[in-house]
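Enquirer: Once you've had a glance at the structure underneath, I'll fire off some questions.
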Amino acid sequence: MLKWLLHRYTRGFASRYNYDATYMHEMLDASTSAFLRFGIMQSAGGNWRGDAPPKAWFASGIAGALFEDCGPCVQIASDIAMEQGMPGEIIKALLSGAPTDADAQLGFDYGRALLGHADNLDDLRQIIENKWGKTALLALSLRAMTARNFPVLKRAMGHAKTCQRVRIGNADVAVNPTLKAA
């Protein structure tokens with residue numbers, strides 16, 4: 010019964026975001042325990058906002074997905090941010106590398122620097138901690154870290170074969186290739 014409910018939840022998630030969740034169903038069929046542990050890890054770390062401003066927090070998650078992904082997970086991170094009130098224009102600017110809202114840009118830059126071991130990581134860490142505090146820093150870190158988990162798992166299971174353009178509102182966004190990790 011639990012497996013059936015989890016498959017149903019996953020189908021709903023896939024339908025809501027027009028997302029191919031085949032790898033999630035495959036993981037659930039292989040191990041309900043692994044599926045639940047992955048879900049707990051994602052919820053416990055990736056859904057906690059602490060004291061981080063919403064725009065910075067969502068942007069850090071978009072950066073985390075972008076670091077590992079070729080579109081589908083970046084699309085979901087962007088869609089969730091927009092559902093929660095983040096303006097699409099800010100997301101478009103982040104993905105294209107254009108200047109945008111300062112809080113969002115700081116969260117995005119921090120997420121990329123954290124995952125990419127960038128030279129400016131210490132500076133960004135200090136700016137965030139001075140501006141919003143250590144709790145916000147931790148929340149941004151967890152958001153970026155967990156956002157990359159979906160594409161990594163997808164790749165581990167042999168399903169990271171599809172690239173797609175990211176669509177914000179009614180427009181496709183050309184993701185600046187210099188923002189990708191690989």
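Counted from 1, the sequence shown has number 159 at position 150 by my numbering; the numbering is strictly sequential. All C-beta atoms, glycine included, are put in the ideal place defined by N, C-alpha and C. These figures come from a predicted structure and were not determined experimentally.
Within this structure, are the beta carbons of ILE137 and TYR119 separated by less than 7 Å?
Expert: Yes, the pair counts as a contact, with Cβ atoms nearer than the cut-off.
Enquirer: Just to confirm the assignment, what range does the beta strand (DSSP E) spanning ARG176 have?
Expert: ARG176 -> beta strand (DSSP E) spans 175-177.
Enquirer: Identify, in the order they occur along the chain, each residue of the same chain with its Cβ nearer than 8 Å to the Cβ of TRP93, setting aside the five sequence neighbours on each side.
Expert: Residue 93 is actually Gln in this sequence, not Trp. If we look at GLN93 and ignore the five residues flanking it on each side, its Cβ neighbours are PRO63, PHE67.
Enquirer: Determine the direct distance from the alpha carbon of GLY125 to that of ALA191, and round the result to whole angstroms.
Expert: The predicted model places ALA191 with a pLDDT of 46, which falls under 50 and marks its position as unreliable, so this point remains unresolved.
Enquirer: Closer than 6 Å by C-beta to TYR32: which residues in its own chain qualify, once you throw out the five before and the five after it? Chain order, please.
Expert: Cβ neighbours of TYR32 beyond the five flanking positions: LYS163, MET166, HIS168.
Enquirer: Identify whether ASP181 lies in helix, strand or coil by the three-state DSSP scheme.
Expert: The answer is strand: DSSP assigns ASP181 an E or B state.
Enquirer: Tell me whether PHE76 is buried or exposed, calling it buried when 16 or more other Cβ atoms sit within 10 Å of its Cβ.
Expert: PHE76 is buried by the Cβ-count criterion.
Enquirer: Compare the beta carbon distance of PHE117 and ALA72 with 7 Å and say whether it is the shorter of the two.
Expert: In this structure, ALA72 lies closer than 7 Å to PHE117 by Cβ.
Enquirer: Tell me, to the nearest whole angstrom, how far the beta carbon of GLN84 is from that of VAL175; I am working on the premise that it is less than 8 Å.
Expert: Confirmed, Cβ separation roughly 5 Å.
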